[in-house]
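Working notes, structure below.
Number of protein chains: 2
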Amino acid sequence: MASAKTLREGATPKRAAIVTAARELFFSDGFDRTSVDAVAARAGVSKRTVYDYFGDKVTLLNAVVDTVGQSMVATIRRTLDETLAEVDAAGLEDALVAFSMRVSTDMLGSPEYATLQRLAQTDSGHLAKLDRYEIDNAPEEALAERFAALTEAGLLDVTDPRLGADQFIALTFGVALNRLRSANAAEDPRVRPILVEGVRVFLRAYRSGP
Amino acid sequence: MASAKTLREGATPKRAAIVTAARELFFSDGFDRTSVDAVAARAGVSKRTVYDYFGDKVTLLNAVVDTVGQSMVATIRRTLDETLAEVDAAGLEDALVAFSMRVSTDMLGSPEYATLQRLAQTDSGHLAKLDRYEIDNAPEEALAERFAALTEAGLLDVTDPRLGADQFIALTFGVALNRLRSANAAEDPRVRPILVEGVRVFLRAYRSGP
DNA sequence: CCGGAACTACACTGCACGGTGTAGTGTAGG
DNA sequence: CCTACACTACACCGTGCAGTGTAGTTCCGG
Numbered sequence: 001m002a003s004a005k006t007l008r009e010g011a012t013p014k015r016a017a018i019v020t021a022a023r024e025l026f027f028s029d030g031f032d033r034t035s036v037d038a039v040a041a042r043a044g045v046s047k048r049t050v051y052d053y054f055g056d057k058v059t060l061l062n063a064v065v066d067t068v069g070q071s072m073v074a075t076i077r078r079t080l081d082e083t084l085a086e087v088d089a090a091g092l093e094d095a096l097v098a099f100s101m102r103v104s105t106d107m108l109g110s111p112e113y114a115t116l117q118r119l120a121q122t123d124s125g126h127l128a129k130l131d132r133y134e135i136d137n138a139p140e141e142a143l144a145e146r147f148a149a150l151t152e153a154g155l156l157d158v159t160d161p162r163l164g165a166d167q168f169i170a171l172t173f174g175v176a177l178n179r180l181r182s183a184n185a186a187e188d189p190r191v192r193p194i195l196v197e198g199v200r201v202f203l204r205a206y207r208s209g210p
Numbered sequence: 001m002a003s004a005k006t007l008r009e010g011a012t013p014k015r016a017a018i019v020t021a022a023r024e025l026f027f028s029d030g031f032d033r034t035s036v037d038a039v040a041a042r043a044g045v046s047k048r049t050v051y052d053y054f055g056d057k058v059t060l061l062n063a064v065v066d067t068v069g070q071s072m073v074a075t076i077r078r079t080l081d082e083t084l085a086e087v088d089a090a091g092l093e094d095a096l097v098a099f100s101m102r103v104s105t106d107m108l109g110s111p112e113y114a115t116l117q118r119l120a121q122t123d124s125g126h127l128a129k130l131d132r133y134e135i136d137n138a139p140e141e142a143l144a145e146r147f148a149a150l151t152e153a154g155l156l157d158v159t160d161p162r163l164g165a166d167q168f169i170a171l172t173f174g175v176a177l178n179r180l181r182s183a184n185a186a187e188d189p190r191v192r193p194i195l196v197e198g199v200r201v202f203l204r205a206y207r208s209g210p
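Protein chains in written order, with my numbering: chain A, 1 to 210; chain B, 1 to 210.
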C-alpha cells in the first residue's frame, strides 16, 4: 500500500527528454527559477506527463542529480582507465594533465560538477535527503584508488590517498573553477595552463623521492 | 529626476539588523526561499521598513553581499598582517597554518566565502550585475602580495603569486569545504589536519629550494 | 473492433510571495 | 502644541507557479 499514485517507470525516450530538459534548465537558471511548465515545453512534452513520470518537482530534481552523478562517475572512471592505466615515471605528469583536461572537457559544460553540488545542496538541501554520499565521493574515491596504486608502483608517495585525491582535485578543477567562474572549460584556453601548474605542484609535493 | 523613491540612507541600527537577518536567512535557506516577510520578522522590523530602506529584494541581496564581502576582506587583511608579517624559514609552516585556521574560524560560520559566491552567482546571476570583481578577488590578491614578498625575502619560490595564492586557497579552504560540506569550520576538529596537510603540500612545492 | 495505456490540451485551484498604499503611533525638535 | 519623521500594522493587488482533474486523441495488442 504505497501512497504513491503509481508513477510511470522505465527508460522511455520521453522520460529521458524530460530529465535532459530539466538538467539544462536547472543548471542554467537554478531549481527555483525553473518552472515545470518550462521543463515540459523544452522537453516537448505536456506538463501533465512530467507529473505522470515524476510526481513532483523535487523528485524530478533527484532524478537529474542521480543521472548526472552516474554519468559523471562513469566518465571519470573511464578516463582514469584510459589515461592512467599504464604510466611510467617519465609520462606521469603528462598523463595527469591529460586526465584532468579530459575530465574538464568531457563534462558537458564544465562546472557541471560544482553545479551539481550546488543544485543538490543549496536547492534540495532542506527538501530532500538524497543519499548522495556515493555520487559525491565516487570521483574522489576512484582517483584515490589510482593514487594508491601509483604509490604501490613507486611512482608517487601518497600516504593518504583520499586526501591526496581531494588535493589534486582542488589544485586542478578547484582552481580552474574558481578563476573562470562562468566559463565552460571545454574551449577556454586559460584552462590548460592552470591544470598544468596544478599537476606540477601536486607532483612536486607527491612524486616519489629518491 | 532619479526614478528612485528616495531610499533611506545611513548606518542606522535598523538597517544593520535587516542586513544581518537577511544574511543569515539567505545563507541558510537561499535567496529564493527567503521571503522578505521572514527577513523583516527576524530583524524585528516591519516589512514596510525593509522596503523603505532597500527598495527591493535584489538590492537587499546586494547590500548583504557587499557587507559580507567587505568584512571578509578586512578579516583576511588583518589576519594576514598578524600571522605573516614577520616570519622566518623555521616558522613559515606554522604561520601559514595559523593564518588558514584563523581565517577559517573567523568567518562566522565558515563556508561563508563559498556561500557568498553561490549567492552572488546562482541567485543574482541573471538578476544583478554587481561589480563583484574587487570583493571576489581581494582575498586572493592580498595573499598573492604576501607570497610575492615572501619570495622576495627568499622564503618561498613562487613565480606566479596570484596562481600560488589560488592554489594555496584551494589546497586549504577548498579541500576543507569540499570535505565538510555543511559543517562549520569553527569547531570541527577535522578541519585542522586538512589545513595542515594542505600547507605542507604547498610548501613542498613552493618552499625556496637550496 | 474493442479496450486500455500513453499523452496532450486546457482549465482550474490554492497559495506564497513581491511589492504598495495608508492610517495610525511614538518621539524628538522647534 | 505642532510638525516632521521613522516606523508599524495591516490590508491589498497581481502574478507566477506547483499540482490536479478531465476530456479527448492516438496508437497498439488481442
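Ideal Cβ positions, reconstructed from N, Cα and C, are used throughout, including at glycine.
The structure presented is a predicted model; accordingly, all values stated were derived computationally and were not measured.
Is the Cβ of residue i closer than 7 Å to any Cβ of chain B?
{"i": "A:A170", "result": "yes"}
{"i": "A:R42", "result": "no"}
{"i": "A:E197", "result": "yes"}
{"i": "A:A89", "result": "no"}
{"i": "A:G154", "result": "no"}
{"i": "A:V175", "result": "yes"}
{"i": "A:A205", "result": "yes"}
{"i": "A:D56", "result": "no"}
{"i": "A:D32", "result": "yes"}
{"i": "A:V65", "result": "no"}
Please return the same chain residues whose Cβ sits closer than 8 Å to the Cβ of residue i, not counting the five positions on each side in sequence.
{"i": "A:V19", "result": "L60, A63, V64 and T67"}
{"i": "A:V103", "result": "T75, I76, T79 and F173"}
{"i": "A:V50", "result": "I18, V36, V39, A40, A43 and L60"}
{"i": "B:E93", "result": "V199, R200 and L203"}
List the endpoints of the continuous alpha helix (DSSP H) containing residue i.
{"i": "A:R162", "result": "P161 to I169"}
{"i": "A:G198", "result": "V191 to Y206"}
{"i": "A:D188", "result": "A:D188 -> no alpha helix (DSSP H), and no H or E assigned at all."}
{"i": "B:E82", "result": "K57 to L84"}
{"i": "A:M101", "result": "L92 to D106"}
{"i": "B:L25", "result": "P13 to D29"}
{"i": "B:F173", "result": "Note, B:F173: premise wrong, no alpha helix (DSSP H); not H, not E."}
{"i": "B:T6", "result": "From DSSP, B:T6 is part of no alpha helix (DSSP H); its letter is neither H nor E."}
{"i": "A:T49", "result": "K47 to F54"}
{"i": "A:V39", "result": "V36 to A43"}
Using a Cβ-Cβ cutoff of less than 6 Å, which residues in the same chain neighbour residue i once the five nearest sequence positions on both sides are dropped?
{"i": "B:A17", "result": "A43"}
{"i": "B:G154", "result": "S208"}
{"i": "A:M1", "result": "Per-residue confidence for A:M1 stands at a pLDDT of 37, beneath the threshold of 50, marking its modelled position as unreliable; no derived number is given."}
{"i": "B:T83", "result": "A95, A98 and F99"}
Which term fits residue i, buried or exposed, when burial requires 16 or more other beta carbons within 10 angstroms of its beta carbon?
{"i": "A:G30", "result": "buried"}
{"i": "A:L156", "result": "buried"}
{"i": "B:L127", "result": "Unreliable positioning characterises B:L127 in this predicted model, as indicated by a pLDDT of 47, which lies under 50. The coordinate reading is nonetheless provided below. Classification of B:L127: exposed, given that the 10 Å Cβ count is below 16."}
{"i": "B:L7", "result": "exposed"}
{"i": "A:E197", "result": "buried"}
{"i": "A:A11", "result": "exposed"}
{"i": "A:A85", "result": "exposed"}
{"i": "A:T159", "result": "exposed"}
{"i": "B:R23", "result": "buried"}
{"i": "B:R15", "result": "buried"}
{"i": "A:S100", "result": "buried"}
{"i": "A:P189", "result": "exposed"}
Within the same chain, show all residues whose beta-carbon is closer than 7 Å to that of residue i, passing over the 5 residues directly before and after it, in chain order.
{"i": "A:A165", "result": "E140, L143, A144 and F147"}
{"i": "B:L171", "result": "G198, V201 and F202"}
{"i": "A:K47", "result": "V36, D37 and A40"}
{"i": "A:V175", "result": "I194 and G198"}
{"i": "A:T34", "result": "L25 and F26"}
Indicate whether at least one CB of chain A lies closer than 7 Å to the CB of residue i.
{"i": "B:L163", "result": "yes"}
{"i": "B:D188", "result": "no"}
{"i": "B:D37", "result": "no"}
{"i": "B:V68", "result": "no"}
{"i": "B:D157", "result": "no"}
{"i": "B:D106", "result": "no"}
- Task: Take every Cβ of the segment 68 to 80 of chain A, pair it with every Cβ of the segment 139 to 156 of chain A, and state whether three or more of those distances are shorter than 8 Å.
- Result: At 8 Å Cβ cutoff, the stretches touch.
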